[in-house]
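Visitor:
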Amino acid sequence: MDAKLKHLEFIQAAISRMATNSFLFKGWAITIAAALSAFGAVETKAGLFLIALVSTTMFWGLDGYYLWLERGLINLYERVATKKDADMEFSMTIDKTHAARRWFKTCWRPHLWLFYSTIMVVEVIGIFVIRSTK
12 MDAKLKHLEF IQAAISRMAT NSFLFKGWAI TIAAALSAFG AVETKAGLFL IALVSTTMFW
72 GLDGYYLWLE RGLINLYERV ATKKDADMEF SMTIDKTHAA RRWFKTCWRP HLWLFYSTIM
132 VVEVIGIFVI RSTK
């Protein structure tokens, strides 16, 4: 039983790391987008808004990836929790079947979609505003 609990603790620690990474990606996405957008608005350079748009898209994909990993680890936790002590294998392997499709679906979760699309809409508006003033 002690070994099973230790294994569950390892899985829980990995889940916590994934959640922390997701939180950090959101913070960095806002910081970089705001900095590039502010500098782009002051210098009237639409290219900086475009760079902010690309970086936001990359953070969206990374955040989705870490959320996908977190969900896989939660499923692993549930499987380990229901196993008998004699059947323990101490694996940290998650199910990776159809990984690309599942990752893409995870990226479109409502909270990710709303968060990153809002940033991207502001950046696109900034591009149009800069181009219309020239």
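Numbers 12 to 145, taken from this note's numbering, label the letters of the sequence shown in order. Glycine is no exception: its CB is placed at the ideal position from the N, C-alpha and C atoms.
One question on the structure: do residue 78 and residue 22 come within less than 8 Å of each other, judged by their Cβ atoms?
Guide: no
Visitor: So residue 118 and residue 51 are in contact, right, with Cβ under 8 Å, and what is the actual spacing, rounded?
Guide: With a Cβ gap of about 25 Å, residue 118 and residue 51 do not count as contacting.
Visitor: Measuring alpha carbon to alpha carbon, tell me which of 138, 112, 83, 114 ends up nearest residue 26.
Guide: 83
Visitor: If distances are taken between C-alpha atoms only, which option among 45, 31, 12 comes closest to residue 130?
Guide: 45
Visitor: Using the Cα positions of residue 33 and residue 65, report the straight-line distance between them to the nearest angstrom.
Guide: When rounded, the distance between both Cα atoms is 18 Å.
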